[in-house]
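Single-structure report; data block below.
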Amino acid sequence: AQSVTQPDIHITVSEGASLELRCNYSYGATPYLFWYVQSPGQGLQLLLKYFSGDTLVQGIKGFEAEFKRSQSSFNLRKPSVHWSDAAEYFCAVGATGGYQKVTFGTGTKLQVIP
Amino acid sequence: EAGVAQSPRYKIIEKRQSVAFWCNPISGHATLYWYQQILGQGPKLLIQFQNNGVVDDSQLPKDRFSAERLKGVDSTLKIQPAKLEDSAVYLCASSPRSSGGIYFGPGTRLLVL
Chain A
1 AQSVTQPDIH ITVSEGASLE LRCNYSYGAT PYLFWYVQSP GQGLQLLLKY FSGDTLVQGI
61 KGFEAEFKRS QSSFNLRKPS VHWSDAAEYF CAVGATGGYQ KVTFGTGTKL QVIP
Chain B
1001 EAGVAQSPRY KIIEKRQSVA FWCNPISGHA TLYWYQQILG QGPKLLIQFQ NNGVVDDSQL
1061 PKDRFSAERL KGVDSTLKIQ PAKLEDSAVY LCASSPRSSG GIYFGPGTRL LVL
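As given, the protein sequences belong to chains A and B, one line each in that order. Here the first sequence stands for residues 1 to 114, numbered as in our numbering. Here the second sequence stands for residues 1001 to 1113, numbered as in our numbering.
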């Protein structure tokens, strides 16, 4: 069965600092990988996705993520965080065979301080 | 392109009452998902439809939850009777036949008293 681990429940960074959110997955083959963001009281918005090809994926709002097969990781990065980036971030893994079942991690809550 | 629509946005009921949520996916999306998100947790898949057929309902509490997707378009999720632990946000999402990520609606926030 596929699964996702987000080891950091809560992260605090200063505005303008760089950010890296960790994500590790478990899946028997090369999976589909996603990062979503959820602002308070809002639905989930897709930030970026990896299906195949280039392991460095660019997303919206200046985010990027790198797929590392050897580490079963798909960490999310941003070079300079803005106060509006404060939200909860979810990593998700999708099955590549059959129907696209997508499993989410427990999320990392990002706090941005001035 | 219109996004995933859900209604109602908020619902408050008492335990043992019934409730229904409606979802209209993005036009042309063959796959529809219902997720449950309890406060402080990640979304948990309840049921997944491919067109109007169920492909995964392994985590759906079938003694009280039911869902249908008639004609392969919109969908309804029902809870009968509701329990206190059903208080959560119910998220509907859809995806196209070719894998392209899944797209979420705004969710329905349910409070069971």
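From the three backbone atoms N, C-alpha and C, an ideal C-beta is built for every residue, glycine too. Owing to the predicted nature of the structure, the values given are computational and were not obtained by experimental measurement.
9 angstroms Cβ cut-off: residues of chain B touching residue i
i        : result
Tyr173/A : Given that chain A is displayed from residue 1 to residue 114, the structure contains no residue 173/A and the question cannot be resolved.
Phe90/A  : Gly1042 and Pro1043
Within-8 angstroms CB hit, residue i to chain D
i       : result
Lys61/A : The structure shown has no chain D; the protein chains it does contain are A and B.
Residue i and residue j closer than 8 angstroms at C-beta
i         : j         : result
Ile1012/B : Ala1082/B : no
Ala1002/B : Gln1037/B : no
Val37/A   : Gln45/A   : yes
Pro79/A   : Ser18/A   : yes
Ala1020/B : Gly1105/B : no
Thr103/A  : Ile9/A    : no
Pro1043/B : Leu1084/B : no
Nearest-angstrom Cβ-Cβ length linking residue i and residue j, presumed shorter than 8 angstroms
i         : j         : result
Thr106/A  : Gln1041/B : 6 angstroms
Gly1107/B : Gly43/A   : 5 angstroms
Arg137/A  : Gln6/A    : The requested residue 137/A does not occur in the structure, where chain A is confined to residues 1 to 114.
Phe1049/B : Thr1031/B : 7 angstroms
Ala86/A   : Leu110/A  : 6 angstroms
Contacts of residue i in chain A (Cβ-Cβ under 9 angstroms)
i         : result
Leu1045/B : Lys101, Val102, Thr103 and Phe104
Residue i - containing beta strand (DSSP E), residue span
i       : result
Ser18/A : Neither: Ser18/A is in no beta strand (DSSP E) and is coded neither H nor E.
Phe74/A : Ser73 to Lys78
Ser70/A : Run containing Ser70/A: none; DSSP gives neither H nor E here.
Residues that residue i contacts on chain B, provided the C-beta gap is smaller than 7 angstroms
i        : result
Gly107/A : Gly1042
Any non-hydrogen atom of the ligand ZN closer than 7 angstroms to residue i Cβ
i       : result
Tyr99/A : Ligands are entirely absent from the displayed structure, and the ligand ZN is therefore not among its contents.
Going along the chain, which residues of the stretch 1081 to 1109 of chain B sit with their C-beta nearer than 7 angstroms to a C-beta in chain A?
Of all residues in the stretch 1081 to 1109 of chain B, only Leu1091, Ser1095, Ser1099, Gly1101, Ile1102, Tyr1103, Phe1104, Gly1105, Pro1106 and Gly1107 place a beta-carbon less than 7 angstroms from a beta-carbon of chain A.
What residues in the stretch 30 to 46 of chain A bring their beta carbon closer than 9 angstroms to a beta carbon of chain B?
Contact annotation: in the stretch 30 to 46 of chain A, residues whose CB is within less than 9 angstroms of a CB in chain B are Tyr32, Phe34, Tyr36, Gln38, Gly41, Gln42, Gly43, Leu44, Gln45 and Leu46.
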